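S.K.: Structure provided below as structure tokens; questions to follow.
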């Protein structure tokens, strides 16, 4: 009866020692971390699809209301600067011009009469057969007649200018991409009759999600190839990313400026786009990996031992670029090949020993 009791007592006394040793072993084992080895190409899509577009697309209309007499261009027509795109019915405008021309003729006749009257008054005064008051009246009449001629000429110039507004011409070389009115239709002032896409400046447009937009910075170079003929290539640089995402798709429109594109890059052509091999790319990280992003941003970098099983963490200040959605651009502070901890960043301390990296 006494032997079992002795064994039970000994087991009870030994249990805390075993538990203490197990706890010490757990505490001495470095915790694994979720990390990634950053790369300048990581986070970038290898390929996009876009289309060739005009840098400028202009809605063209008349400065006055009227009836469309003719529209000699159709969708897809190439036009040069100054080419006639549409005309309004000029009947009323021609009548205004003729009336203004008649006004100039009347004013010139009145000017001749006033000049003759001023000459007679001056001659009569010199002979002593008329008064100085009569000459002064004649001089005032001449001055008024001169002003009337100037006024009539200005009215004629205005009528001719308005008559010129009845003809719609191309402000630059381009292609008609849309027509909105046919001959015989009544148009209002400012209403778009045609839409002209300029051909002097071509660009590439594409829509990207927020995650991909974070990886693109202004000036980034791309290699572009026609989808229909990959042998026709060009280079393009990123000009801008629309600051507001599309409401329906939540994508952002990206605009790339083509650099000396060949003739094959026609408006509307589909193209394949990839970051140029010589392009300098920033490092992209999840925003959740950044310590104090609004104050002094930093990340935890890992310095590994020779065997790679353990390492120590160090707080490394970084410089941040634009953030799009959950991704942020890192423009300085770390380089390709650095190991960055991406999860559990708020439970670490400087110099802490960590274990191997595990996948997220």
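Residue numbers (mature numbering (1 follows the signal peptide of the UniProt record, and there is no 0)): -19 to -1, 1 to 341.
Positions of the beta carbon are idealized from the N, C-alpha and C atoms, including for glycine.
Note that this is a predicted model, so its numbers are computed, not measured.
If we call anything under 8 Å between Cβ atoms a contact, is residue 297 one with residue 314?
M.R.: Against a cut-off of 8 Å, the Cβ pair of residue 314 and residue 297 comes out as a contact.
S.K.: Looking at the structure shown, is residue 124 part of a helix, part of a strand, or coil, going by DSSP?
M.R.: Correct three-state label for residue 124: helix.
S.K.: Quick one: what does DSSP say residue 331 is sitting in, helix, strand or coil?
M.R.: Residue 331 falls in the coil class under three-state DSSP.
S.K.: For residue 137, is the classification buried or exposed, using 16 other Cβ atoms within 10 angstroms of its Cβ as the cut-off for buried?
M.R.: So residue 137 ends up on the buried side.
S.K.: Around the C-beta of residue 323, are 16 or more other C-beta atoms found within 10 angstroms, so that it is buried, or is it exposed?
M.R.: Buried, because 16 or more other Cβ atoms sit within 10 Å of the Cβ of residue 323.
S.K.: For my contact list, residue 320 and residue 30 are in at a C-beta cut-off of 8 Å; report their separation, rounded to the angstrom.
M.R.: Not confirmed; about 34 Å, so no contact.
S.K.: Less than 8 Å between the C-beta atoms of residue 150 and residue 57, yes or no?
M.R.: No; because the gap between Cβ atoms is not below 8 Å, this pair is not in contact.
S.K.: How many angstroms separate the CA atom of residue 165 from the CA atom of residue 59?
M.R.: When rounded, the distance between both Cα atoms is 24 Å.
S.K.: On the DSSP bridge assignment, give the partners of residue 16 in chain order.
M.R.: According to DSSP, residue 16 bridges with 322.
S.K.: Expressed to the nearest angstrom, what Euclidean distance is found between the alpha-carbon atoms of residue 349 and residue 143?
M.R.: Limits of the chain in this structure are -19 at one end and 341 at the other, which puts residue 349 out of reach.
S.K.: So, for residue 302: in the same chain, excluding its five sequence neighbours on each side, which residues have a beta-carbon less than 8 Å away from its beta-carbon?
M.R.: Correct list, in chain order: 198, 263, 309, 310, 311 and 312.
S.K.: Cα-Cα, which of 159, 231 and 208 is closest to residue 193?
M.R.: The residue with the shortest Cα to Cα distance from residue 193 is 231.
S.K.: In three-state DSSP terms, what is residue 190?
M.R.: Note: residue 190 maps to coil in three-state DSSP.
S.K.: Any chance the region 85 to 93 sits against the region 126 to 137, with 3 or more Cβ pairs inside 8 Å?
M.R.: Touching, per the Cβ criterion.
S.K.: If you draw a straight line from the C-alpha of residue 225 to the C-alpha of residue 219, how long is it?
M.R.: If I take the Cα positions, the gap works out to 17 Å.
S.K.: My output table needs one value for residue 4: the three-state DSSP class, helix, strand or coil.
M.R.: With a pLDDT of only 41 at residue 4, under 50, the local geometry of the prediction cannot be trusted, and the value read off the model is given with reservation. Residue 4 falls in the helix class under three-state DSSP.
S.K.: Let me know the secondary structure DSSP gives residue 310 once reduced to three states.
M.R.: In the structure shown, residue 310 sits in a strand (DSSP, three-state: E or B).
S.K.: Quick one: Cα of residue 65 to Cα of residue 147, how far?
M.R.: Going by the C-alpha atoms only, they are around 11 Å apart.
S.K.: Check whether the region 151 to 161 touches the region 172 to 187, counting contact only when three or more Cβ pairs, one atom from each stretch, lie closer than 8 Å.
M.R.: Result yes; three or more Cβ-Cβ pairs closer than 8 Å.
S.K.: So what does DSSP say about residue 229, is it helix, strand or coil?
M.R.: Residue 229: coil per DSSP, three-state reduction.
S.K.: By DSSP, does residue 114 sit in helix, in strand, or in coil?
M.R.: Three-state DSSP puts residue 114 in a helix.
S.K.: Ends of the beta strand (DSSP E) at residue 68?
M.R.: Looking at the DSSP string, the run of the beta strand (DSSP E) that includes residue 68 is 65 to 69.
S.K.: Would DSSP call residue 87 helix, strand or coil?
M.R.: It is helical.
S.K.: By the 10 Å Cβ neighbour count, where 16 or more other Cβ atoms means buried, how is residue 338 classified, buried or exposed?
M.R.: When all chains shown are included, residue 338 counts as buried.
S.K.: Looking only at its chain, what residues have a beta carbon closer than 8 Å to the beta carbon of residue 3, apart from the 5 residues adjacent to it on each side?
M.R.: Here residue 3 scores only 45 on pLDDT, less than 50, and its place in the model should not be relied on; the value that follows carries that caveat. So the list is empty, once near-sequence residues are dropped.
S.K.: Taking residue 428 as the reference, give the member of 177, 119, 15 and 115 with the closest Cα.
M.R.: Because the chain in this structure spans residues -19 to 341, residue 428 falls outside the shown range and cannot be described.
S.K.: At 3 residues or longer, and completely inside the region 176 to 220: list those beta strand (DSSP E) runs for me, N to C.
M.R.: Segments of the beta strand (DSSP E) lying fully in the region 176 to 220: 183 to 189 and 202 to 207.
S.K.: If we ignore side chains and look at the alpha-carbon of each, how far apart do residue 233 and residue 70 end up?
M.R.: Rounded to whole angstroms, residue 233 to residue 70 spans 44 Å at the Cα level.
S.K.: Which residues does DSSP list as the beta-bridge partners of residue 285?
M.R.: DSSP output for residue 285 lists 292 as bridge partner(s).
S.K.: In terms of alpha-carbon separation, which member of 235, 200 and 240 lies closest to residue 215?
M.R.: Out of 235, 200 and 240, 240 has the C-alpha closest to the C-alpha of residue 215.
S.K.: Looking at C-alpha atoms only, which residue of 279, 290, 318 and 228 is the closest neighbour of residue 331?
M.R.: Nearest C-alpha to residue 331: 279.
S.K.: Rounding to the nearest angstrom, what Cα-Cα distance links residue 251 and residue 329 in this structure?
M.R.: The alpha-carbon atoms of residue 251 and residue 329 are separated by roughly 49 Å.
S.K.: What is the DSSP secondary structure of residue 172, counted as helix, strand or coil?
M.R.: Coil at residue 172, not helix or strand.
S.K.: Would you mind giving the Cβ-Cβ distance between residue 342 and residue 33, rounded to the nearest angstrom? I have them listed as a contact below 8 Å.
M.R.: This structure does not reach residue 342, given that the chain is present from -19 up to 341, and the question cannot be answered.
S.K.: In whole angstroms, what separates the C-alpha of residue 203 from that of residue 284?
M.R.: Roughly 34 Å between the two C-alpha positions.
S.K.: Let me check understanding here. Comparing Cα to Cα, which of 270, 275, 168 and 290 lies closest to residue 282?
M.R.: Comparing Cα positions, the closest option is 270.
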